[in-house]
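Trainee: Per my numbering, the very first residue in the sequence shown carries number 1; after that it's consecutive. Please read through the structure below; I'll follow up with questions.
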Amino acid sequence: MKETLIRLLISDKTEEKATTLLWSYLILDSIRLIAFTISSMFIVLFLLDSLESTEVGFLFALSYFILTVIDYPTGVLGDVIGHQKVLILAYIFHIISFILLIISETFLPLLLYSGISAFASSQESGALEAWFDNNYRRLMNAKDPKREIYNSFQARKSILTYSLFGFSILIGGFIAYLFSRKILFLVSLFFIIIVFFLIIALVIDEKNSKVEITLKNYFDQFSNGIKVLLSHYGIFLFFIGSTIIWAANNSIWVNFLLFRIYEGYSGGQDNTTALLRALIFTSGVLWQFLIIRYITRLKRNKLWIFITTSFSNPIFFLGMYVYYLWFPPTEVSVFLIIGLILMFQMPSIFEPLEGILRNQLNLDLIPDRSRNSFYSLLPTLTNLIGIFGALIAGFFLSNYGFVETILLTAIISGLGVILTGLGLFWLPQIQNAINQESNRE
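Have a look at this one:
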């Protein structure tokens, strides 16, 4: 049974230590996904129902501000004190924030929840991924130089991710509908506590991977990620473009548009909204089997494939703009729901492939000693751009309308893709510079 699961989810070409690493990462990431996905949509809806829209906007602004200011400095700690300690601290604050969410109904306690939750997210940001990538390179760099095993694992993991995502949304919707949203938040808290203990048991830092904890070392690590970003204009364009794409997806699409689309086409009930969202995500699992067959044959230098998949982001938003304009959700219709599910097949096909290729580029382009600090720098930039994106989106919603804001999202996402593509023109020079720096070390 164990051997069958290894062949299906991991690989039979890895050694025992690498297999243990892959299992640990898979288990942790899966339970973490369930813990937060099961309630994420309903936390937003709970805030919107409990507070005035201006108060909710202030909560979002506070979260983005805290993430912008704290995310990168706290992420550097992972390179200094080790990823396990950073993750333990993050989940202590996650537990506190969910307790506040469960017992709170008014603005000030929920404001405190928002601040603590953002602080916890800043601690967690990129730490688990950096721990996995660092240990994977150490254990498998010689055996997997072309990243074929790495790509295959990420593709198989994406199938599990999509399946768990859809399942979590569906279960969360029915818990909220049959019991209450507060009971659902309690279930999330239970899974978060499980993740906390799994981190203690499974996330083991390499003994020689830590550096001496001094103020000088801290600021050396702090500045190193920024130095990598500014080391070459190709790296700068690639990652700035990436942050613009992520900001369009998160601060505008998710916060202002996505949940309203789900509610509008499904009738607005918690269970039907969750069912529609679950159907959309689980339908994407079928495409993942094709991606697995393709990604294992993919060569490392097919950059045009990555750029093509990146362009699927603005193309999808343009498609949603046309769909919502021609078929607005004035009533609940099976045909409109089927059409919406079909529309979401584009990101279901291309986003996992784009993510796998992007992870491969990150694995090769970022030095190990700066990986956690650099992974935390990216969402910091995203949140900074996201503040402006949220303000612009709010202005567009108030002055132009919902459909026009979808078009705005497509334009911003397209700008990010163009910058990303321009940065990749200098990829050979970037790789040579990184290799020379590694050789000097």
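No residue lacks a Cβ here, since even glycine has one placed at the ideal position from N, Cα and C.
(1) Ordered along the chain, which non-local residues of its own chain (more than five positions away) have a Cβ less than 7 angstroms from that of Y71?
(2) Determine the burial state of F335: buried for a count of at least 16 other Cβ atoms within 10 Å of its Cβ, exposed for fewer.
(3) Pull up the distance between the alpha-carbon of G423 and that of F238, whole angstroms please.
(4) For the stretch 119–164, list the alpha helix (DSSP H) runs that are entirely contained and at least 4 residues long, ordered along the chain.
(5) Considering just the uninterrupted stretch of the alpha helix (DSSP H) at E404, what are its terminal residues?
(6) Are R147 and L363 touching if we call contact CB-CB under 9 angstroms?
(7) Can the beta-carbon of I261 be found less than 9 angstroms from the beta-carbon of L340?
(8) Report yes or no: is there a C-beta of chain C within less than 9 angstroms of the C-beta of T54?
(9) How would you call P314, buried or exposed, if buried means at least 16 neighbouring beta carbons within 10 angstroms?
(10) Expressed to the nearest angstrom, what Euclidean distance is found between the alpha-carbon atoms of I103 and L408?
(11) Are the stretch 269–281 and the stretch 166–180 touching by the rule of at least three beta carbon pairs closer than 8 angstroms?
(12) How would you call D49, buried or exposed, if buried means at least 16 neighbouring beta carbons within 10 angstroms?
(13) Quick check on DSSP: helix, strand or coil for L377?
(14) Quick one: grab the DSSP three-state call for D71.
(15) Given S209, which residues of its chain have a CB within under 6 angstroms of its CB, disregarding the five upstream and five downstream residues?
(16) Using a 10 Å radius around the Cβ and a threshold of 16 neighbouring Cβ atoms, would you call N399 buried or exposed?
(17) Are L419 and G241 touching if we call contact CB-CB under 9 angstroms?
(18) Buried or exposed: which applies to N134, given that a residue is buried once 16 or more other Cβ atoms fall within 10 Å of its Cβ?
Mentor: According to the structure shown:
(1) The displayed chain sequence assigns Asp, not Tyr, to residue 71. Cβ within range, chain order: S122, S125, S376, P379, T380, N383.
(2) exposed
(3) 4 angstroms
(4) 127–140
(5) 402–424
(6) yes
(7) yes
(8) Of the chains in the structure shown, none is chain C; there is only one protein chain.
(9) Classification of P314: buried, given that the 10 Å Cβ count is 16 or more.
(10) 38 angstroms
(11) yes
(12) exposed
(13) helix
(14) The answer is helix: DSSP assigns D71 an H, G or I state.
(15) Below a pLDDT of 50, predicted positions are generally treated as unreliable, and S209, at 49, falls in that range; no measurement from the model is reported.
(16) exposed
(17) yes
(18) Counting Cβ neighbours within 10 Å, N134 comes out buried, since at least 16 surround it.
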